[in-house]
Amino acid sequence: QRVGGISTKFEEYKHKYRLYSLDNTYNADELRKWYERVQKECPGKVELVCELKIDGLAIALTYKNGSFITGVTRGDGIVGENITQNLKTIMAVPLKLFKPVDIDVRGEIYMPKTSFEKLNEENLKNGEKIFANPRNAAAGSLRQLDSSITAKRDLSMFTYTAIIEHSEFIPKTHWESLQYLKELGFKTNPNIRLVDDIEGAIQFCK
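Listed below in structure tokens is the structure:
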């Protein structure tokens with residue numbers, strides 16, 4: 050079930066739900082200003098979920114009745130590339146969920162640093178391309194037309210959000226959504242914390 054195939058090219062695939070990019074800041078005061086804007090829309094104390102930003106490739110996974118149907122790269126957020134066969138070779142991508150739900154999941158495919166170092170050592174011995182960093186290695190591995198090469202690259206995935214179409218349980222918050230993803234069999238980042246307000250988020254960053 051984990052063996053893919055060889056493609057001549059990747060087909061374009063229009064996302065059912067757009068994949069947005071993230072804003073960033075390296076400044077606590079800018080975070081506080083952002084939180085003030087949030088509070089104008091949602092008055093009072095607003096809890097926040099803090100998690101690490103993993104440097105990999107964003108992907109969208111579609112499941113019908115709990116079975117993995119398609120996996121697509123982010124692309125420009127509206128149209129990506131169908132890399133389902135390659136994603137099937139990654140052990141962290143469940144082929145069958147623990148519950149028969151219809152769900153679209155967003156995740157980040159990444160290459161652990163130990164795998165990155167091992168890959169570069171092997172490539173150096175064989176006179177092949179050396180990757181500059183784990184993100185480039187993950188991107189190159191995911192876009193192989195021969196999925197057996199992807200399978201050897203020891204990629205992994207963290208999921209970070211979901212759009213649920215059909216389920217007996219619909220999470221009310223992002224925190225509940227992350228817990229539900231774990232129940233379904235997805236891997237989520239272990240360094241996730243629920244905090245009371247922006248000061249808690251800033252402490253998390255520190």
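Under my numbering, the residues of the sequence shown are numbered 50 to 255, in order. Ideal Cβ placement from N, Cα and C applies to all residues, glycine included.
Express the C-alpha separation of residue j and residue i in angstroms, rounding to a whole number.
i    : j    : result
E79  : I251 : 11 Å
G120 : K231 : 19 Å
N131 : L204 : 17 Å
P161 : P183 : 7 Å
E69  : N175 : Looking at the sequence itself, residue 69 is Tyr, so the reference to Glu does not match. Near 39 Å, if we compare the C-alpha coordinates of N175 and Y69.
V244 : E96  : 6 Å
K82  : L173 : 48 Å
Here's a check: name, in chain order, each residue in its chain whose Cβ is nearer than 6 Å to the Cβ of residue i, leaving out the five neighbours to either side.
i    : result
L136 : G120 and V142
Y62  : V121, G129 and N131
I118 : T111
Using a Cβ-Cβ cut-off of 8 Å (strictly less than) and excluding sequence neighbours within five positions of residue i, which residues of its own chain qualify?
i    : result
I198 : S190
K167 : D203
H223 : V98 and T210
Starting from the C-beta of residue i, find all residues in its chain whose C-beta is less than 7 Å away, skip the five residues before and the five after it, and write them out in chain order.
i    : result
G234 : P143, L146 and F147
R242 : C99 and F253
Do you know whose CA, among the options, lies nearest residue i's CA?
i    : options                   : result
A187 : N76, P220, D153 and G105  : G105
E248 : E90, E60, K94 and Y229    : K94
G115 : T133, G124, I127 and I152 : I152
Original post:
Which residue spans inside the segment 205-233 form an unbroken beta strand (DSSP E) run of at least 3?
Top reply: 205-215
Subject >> Every unbroken alpha helix (DSSP H) within the segment 153-188, with a cutoff of 4 residues, ordered by chain >> reply: 162-174
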